[in-house]
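Novice:
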Amino acid sequence: MMFPLARNALMSLRILGIQQIRARQSHRKHSPDFHDKYGNAVLVSGTTFCVVAWIFVTTQTGIKWNLSPVGRVTPKMWNDK
Numbered sequence: 045m046m047f048p049l050a051r052n053a054l055m056s057l058r059i060l061g062i063q064q065i066r067a068r069q070s071h072r073k074h075s076p077d078f079h080d081k082y083g084n085a086v087l088v089s090g091t092t093f094c095v096v097a098w099i100f101v102t103t104q105t106g107i108k109w110n111l112s113p114v115g116r117v118t119p120k121m122w123n124d125k
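Residue numbering for the sequence shown follows my numbering, beginning at 45 and increasing consecutively.
1) Can you tell me which of A97, A50 and T91 puts its alpha carbon nearest to the alpha carbon of T34?
2) Roughly how many angstroms lie between the CA atoms of H137 and Q64, to the nearest whole one?
3) Between which two residues does the alpha helix (DSSP H) carrying L111 extend?
4) Is DSSP giving F47 helix, strand or coil here?
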């Protein structure tokens, strides 16, 4: 339970909540802009490009990815001099 003084202080600040902002925005009509028309297509094409580029890099370029050396590295003898 909130103290009456704190509750009154918060009520007097007149800060709009997210739900109030969304309700206010949903009542006005706006013309579709670039993001409304092409936003999903740009997002999908960019994601597809990045996935295809990483698949190409990981499979076709021959980069040694320096994975775990377990089983490939043998210890050398240490000589005390």
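Virtual Cβ for every residue (Gly too), placed ideally from N, Cα, C.
Specialist: In this structure, then:
1) The question about residue 34 has no answer, for the chain in this structure spans 45 to 125.
2) No information on residue 137 is available, as it lies outside the stretch 45 to 125 that the chain covers here.
3) For the purposes of this step, residue 111 is taken as the residue at position 67 of the sequence shown. Premise fails: L111 is in no alpha helix (DSSP H) and is neither H nor E.
4) Numbered from 1 along the sequence shown, position 3 holds the residue referred to as residue 47. Note: F47 maps to coil in three-state DSSP.
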